[in-house]
Every structure is written in C-alpha cells, then in structure tokens.
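Heads up, the thing below is written out as structure tokens.
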Amino acid sequence: METSSSFKPTFLLGGDIEINRMGYGAMRITGPKIWGMPENPQNSIDVLQRAVELGVNFIDTADQYGPFTSEQLIADALYPYKDNVIVGTKGGLVRFGPWADINNDASPQHLQDALDGSLRRLKLEQIALYQLHRIDPKVPAEISFDFLAKAQQQGKIRHLGLSEVSVEDIKLAQKHFKVVSVQNRYSVLDRQWESVLEYCKSENIAFIPWFPIGGGMVQLEEKLQEIATRKQVTMHQLALAWLLHRADNILLIPGTSSVAHLEENIKAATIELTADDIKELNGLVQ
Numbered sequence: 227m228e229t230s231s232s233f234k235p236t237f238l239l240g241g242d243i244e245i246n247r248m249g250y251g252a253m254r255i256t257g258p259k260i261w262g263m264p265e266n267p268q269n270s271i272d273v274l275q276r277a278v279e280l281g282v283n284f285i286d287t288a289d290q291y292g293p294f295t296s297e298q299l300i301a302d303a304l305y306p307y308k309d310n311v312i313v314g315t316k317g318g319l320v321r322f323g324p325w326a327d328i329n330n331d332a333s334p335q336h337l338q339d340a341l342d343g344s345l346r347r348l349k350l351e352q353i354a355l356y357q358l359h360r361i362d363p364k365v366p367a368e369i370s371f372d373f374l375a376k377a378q379q380q381g382k383i384r385h386l387g388l389s390e391v392s393v394e395d396i397k398l399a400q401k402h403f404k405v406v407s408v409q410n411r412y413s414v415l416d417r418q419w420e421s422v423l424e425y426c427k428s429e430n431i432a433f434i435p436w437f438p439i440g441g442g443m444v445q446l447e448e449k450l451q452e453i454a455t456r457k458q459v460t461m462h463q464l465a466l467a468w469l470l471h472r473a474d475n476i477l478l479i480p481g482t483s484s485v486a487h488l489e490e491n492i493k494a495a496t497i498e499l500t501a502d503d504i505k506e507l508n509g510l511v512q
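Written out as structure tokens, the structure is:
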C-alpha cells in the first residue's frame, strides 16, 4: 500500500521564527467554562511545563481566556521563557462570564489596554505573535488595523495575525501590515474555511485551526471513529494527524488541562497515514 509523504515538522512563522507545528492551546487551563482560575492552578502549570518538555514551543492564548488567567498561568509556568518558546496571544474580545458571554471590542483604546495588559501578565517586552481575536462590526476594520500596525512599529509586537476572517479580510489587513497567521475554525469534519486555508498556503501565512476535531455531525464522527479504530488510534489523534498532513502551513494548538491527554495529543505527530487513509479522510466532507 502506498504510504504518504512525511509532513514538515516545523514552520517558519513570519519568515524568521521556526516553531514546531504541534503547539498547545491554553484556553482550557483556566477555570470551568473558561472562567476564573482553575481549582488546582499547579495542574495547569504542570501541563504547560510538560508541553515544553515534549518539544512544544508555540503556546497560543488570549487575554479573554479567564479572562486574564491563562496568560498569568503561562508566565507562572514558563517565565523566564526558553529562547525558542513563543507565546502568541490575542485581543479584541471582552469576556463577562462563562463560555460565550463575550463581546467584541477592537477599538484602539481597548486594544491598547489589552496589549499592555498581555505584555504585563506574560512578563514580556514584546509579543512575538499578536492576533486580532475578532474584527469588531462596530469599529471600521481599518481603524483596528492601523492601531496594530502602529503598535508593531513601536516594538510592542513582533508579528501580527488575525482570527475568524475571510480572504477579503486578510487582503484588507495586508494593506496595513504583514499578516503572518490566521486562526479560523477548521477540521477534518469542518471545511468551511477551505478557501482561507488555500489563500494562506499561497501567501505562506500560518493557518491555525481551532476546534481541530470538529463535532456535532454524528454520522461523520462515526465514520471518523471507524477509521481511528482500524488504525488503533483515538479519533482526536487521527483528526490532528490529518491536519498535519493536510498542509505544511497548518499549526496545531490542541488544548487540554490533562497531562495524559496532552501526551496523547503529541503522539498524533507520529501517526503514519497512507495515501488511501488520506483519500478516505478527505472524502468525509464533500
């Protein structure tokens, strides 16, 4: 049986930061429902430290995870940071309560406060990757983009990215600054943003899928589980492995508050997918 070509294990973010494509998303290290501090902060610290031990050097977070607690825990666990460890964070949303109790705010004043707060909590003089969490429908995108470009010029931000955007949004932002990453929902079971992935690939922009296993489609999940069982891996591992093989500009940020689950996720990078496997997985969504 024909085997797949091996995927590239690293990506050059912004043309100058080499990071391992298997990263870590730090949303789940907060309290229940992404609200407040976890009951056992040391457990979150253990997960972060173990991730770095396993070779993860890209940590994704946002100021509204908690809010603020994810960034605080990252600094508690990893500061002073190893030279190759990159923390990317996001601003532009405001959390008022558990789960989805959040509002857009990409006004320059809020972004200024958000950026300065992230720098302070992460104990950094410069954010290596700062992403606009959402374009705010109440604020012209150009105004948000102009603020971010100026903050980059001031040295507070090294590289800039976007989240939940269309190709048109990316092209507009590119008139203001170099877009090095895009973070959209995408998975083997959810290809809504396929056109954005392809554009990012053509522009050498990192594509960072959130919710990387998809969900909610029972029949598709059953088919994915069948393939995973046949390969003797978990469904989540298989979904992550497919993403690594899907495109070399995809960076993974699976999140968990468990060391055991973290280790399981990292093992996804060792799963071999044959050409037939990839064809079958690609065909799950038409």
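According to the numbering used here, the sequence shown is numbered sequentially starting from 227.
C-beta: ideal position from N, C-alpha, C; glycine also.
Predicted model, so just to flag it, every value in this text is computed and none were measured.
Would you decide whether residue i is buried or exposed? Buried here means 16 or more other CB atoms lie within 10 Å of its CB.
| i | result |
| --- | --- |
| Y305 | exposed |
| W325 | exposed |
| G240 | buried |
| N266 | exposed |
| S413 | buried |
| R346 | exposed |
| Q357 | buried |
| K505 | exposed |
| Q418 | exposed |
| N329 | exposed |
With H, G and I counted as helix, E and B as strand and the rest as coil, what does DSSP make of residue i?
| i | result |
| --- | --- |
| R360 | coil |
| R370 | The displayed chain sequence assigns Ser, not Arg, to residue 370. It is helical. |
| D416 | strand |
| T500 | strand |
| A377 | helix |
| Q409 | strand |
| G513 | The chain is shown only over 227 to 512; residue 513 falls outside these bounds and no answer can be derived. |
What does residue i pair with, by DSSP beta-bridge criteria?
| i | result |
| --- | --- |
| H385 | L355 |
| W261 | G292 |
| M461 | Bridge partners of M461: none, in fact. |
| Y250 | I285 |
| N475 | Answer is none; N475 lacks a bridge partner. |
| T236 | N246 |
| R321 | I328 |
| A513 | Residue 513 lies beyond the stretch modelled for the chain, which goes from 227 to 512, so this question has no answer here. |
| T315 | Y356 |
| W468 | For W468, which the question treats as bridged, DSSP gives no partner whatsoever. |
For residue i and residue j, what's the separation of their Cα atoms in angstroms?
| i | j | result |
| --- | --- | --- |
| A252 | G509 | 31 angstroms |
| G323 | Q512 | 37 angstroms |
| P334 | E390 | 19 angstroms |
| T496 | I369 | 44 angstroms |
| N269 | S483 | 7 angstroms |
| T236 | V282 | 11 angstroms |
| D503 | A494 | 15 angstroms |
| E489 | N310 | 20 angstroms |
| A432 | N246 | 12 angstroms |
| K382 | I353 | 6 angstroms |
| S230 | T500 | Residue placement at S230 is flagged as unreliable, the pLDDT there being 48, under the threshold of 50; a coordinate-derived value is accordingly withheld. |
| Q451 | R411 | 21 angstroms |
| F403 | Q458 | 45 angstroms |
| K364 | A332 | 8 angstroms |
| P438 | V408 | 14 angstroms |
| D416 | I285 | 23 angstroms |
| R276 | M263 | 20 angstroms |
| R360 | V405 | 14 angstroms |
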